[in-house]
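Undergrad: Take this structure, written in structure tokens, and hold onto it; I'll ask about it next.
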Amino acid sequence: MTKIAVVGGGPGGLYFAALARQLDPSRQITVWERNAVDETFGFGVVFSDETLSGIETADPEFFQALSAEFACWDDIDIRYRGQVTTSGGHGFAAISRRRLLALLTNRCREVGVELRHGETFDGEFTDYDLVVAADGVHSGVRKAFPEAFRPTYSTGDCRYIWLGTDKVFEAFTFDIRQTPHGVMQAHAYPYDKDNSTLIIEMREDVWRRAGFTDGNALEKIGETFCDLLAGHKLFSNNSSW
Numbered sequence: 003m004t005k006i007a008v009v010g011g012g013p014g015g016l017y018f019a020a021l022a023r024q025l026d027p028s029r030q031i032t033v034w035e036r037n038a039v040d041e042t043f044g045f046g047v048v049f050s051d052e053t054l055s056g057i058e059t060a061d062p063e064f065f066q067a068l069s070a071e072f073a074c075w076d077d078i079d080i081r082y083r084g085q086v087t088t089s090g091g092h093g094f095a096a097i098s099r100r101r102l103l104a105l106l107t108n109r110c111r112e113v114g115v116e117l118r119h120g121e122t123f124d125g126e127f128t129d130y131d132l133v134v135a136a137d138g139v140h141s142g143v144r145k146a147f148p149e150a151f152r153p154t155y156s157t158g159d160c161r162y163i164w165l166g167t168d169k170v171f172e173a174f175t176f177d178i179r180q181t182p183h184g185v186m187q188a189h190a191y192p193y194d195k196d197n198s199t200l201i202i203e204m205r206e207d208v209w210r211r212a213g214f215t216d217g218n219a220l221e222k223i224g225e226t227f228c229d230l231l232a233g234h235k236l237f238s239n240n241s242s243w
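Under this note's numbering, the residue at position 119 of the sequence shown is numbered 121, and the numbers go up by one with no gaps.
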């Protein structure tokens, strides 16, 4: 019997566990996730048609459950200097990260994966035939074995924040605008019938001149992109720059 430990119960870790178990039901697979089963961050997660085709091929049953809850659209709108340019025929779908995790959790349980939410991995790596480090950009597994993984790090020049809004966009929307502090960009897309993701990005120097903090982000972004939001609310979910 093959024993597999998956450290991190995000979408990647859960999806791997569900597929690996289906490929060989004799595998003993355990997923450790430090957060509670209904605790997460962020808003909508977007998929292209190409990605969805791969999911459908790998697990048709999960694909059916996933696609039943999608918000779907084909257009990309680019807003720049008062004009909107639309490009059609692309094919996108999105779902809230919370619902995505719930569906993946259900799929893992259906196929016999052991899930340990609210727990950190406390075993010995040598007890397992395979350990999957799915614990994110700040991976504790990677940090524990730097000589084996040999990670490289690079720092970008931009800041971004992942927010939500109750404005439902009809297209994948990119809004690029010149502000007194420099260029800022929003990109937004719907993820259910009532909400959309809104990501704001800018260079580090623009972010500093604008005086952004985690605490004032909603207010300042609401003012800067008030015409795009058209009176709709912004909200945060453990959102930070």
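C-beta: ideal position from N, C-alpha, C; glycine also.
Measuring CB atoms only, is the stretch 75-90 touching the stretch 19-28, in the sense that at least three cross pairs come out at less than 8 Å?
TA: As far as the Cβ criterion goes, the stretch 75-90 does not touch the stretch 19-28, which means the pair count is below three.
Undergrad: If we count the other Cβ atoms within 10 Å of its Cβ and call it buried at 16 or more, is Asn-197 buried or exposed?
TA: The residue in question, Asn-197, is buried, as its Cβ has 16 or more Cβ neighbours within 10 Å.
Undergrad: Based on the DSSP secondary-structure assignment, which residues constitute the bridge partners of Glu-35?
TA: In the DSSP output, where bridge partners are listed per residue, Glu-35 has His-119.
Undergrad: With DSSP as the reference, please indicate the residues paired to Leu-236 in a beta bridge.
TA: Answer is Thr-167.
Undergrad: Tell me, to the nearest whole angstrom, how far the beta carbon of Tyr-191 is from that of Phe-174; I am working on the premise that it is less than 8 Å.
TA: The pair is a contact, with the Cβ atoms about 5 Å apart (cut-off 8 Å).
Undergrad: Grab me the residues of Phe-49's own chain with a C-beta within less than 6 Å of its C-beta, minus the 5 sequence neighbours each way, in chain order.
TA: Same-chain partners within the cutoff: Ala-95.
Undergrad: In or out: Glu-63 buried (at least 16 other Cβ within 10 Å) or exposed?
TA: Per the 10 Å Cβ criterion, exposed.
Undergrad: What residue range is occupied by the uninterrupted alpha helix (DSSP H) comprising Pro-27?
TA: Careful: Pro-27 lies outside any alpha helix (DSSP H) and carries neither H nor E.
Undergrad: Following the continuous alpha helix (DSSP H) through Pro-62, name the residue where it begins and the one where it ends.
TA: Segment 62-69, the alpha helix (DSSP H) holding Pro-62.
Undergrad: Which value, in whole angstroms, describes the spacing of the CA atoms of His-234 and Lys-5?
TA: Rounded to the nearest angstrom, the two C-alpha atoms are 49 Å apart.
Undergrad: Indicate whether Arg-205 and Gly-224 have their beta-carbon atoms separated by less than 8 Å.
TA: Not a contact, by the Cβ cut-off of 8 Å.
Undergrad: With distances taken between CB atoms, is the gap from Glu-71 to Ile-97 smaller than 8 Å?
TA: Contact: yes.
Undergrad: Just to confirm before moving on: does the CB-CB distance between Ala-136 and Val-39 stay below 8 Å?
TA: Not closer than 8 Å, so no.
Undergrad: How big is the Cα-Cα spacing for Lys-145 and Val-86?
TA: Going from the Cα of Lys-145 to the Cα of Val-86 covers about 45 Å.
Undergrad: Using the C-alpha atoms, what's the distance from Asn-37 back to Gln-66?
TA: Approximately 27 Å, taken between the alpha carbons.
Undergrad: Unbroken beta strand (DSSP E) runs of length 3 or more, entirely within the stretch 197-225: which are they?
TA: For the stretch 197-225, whole beta strand (DSSP E) runs of length 3 or above, ordered along the chain, are 198-205.
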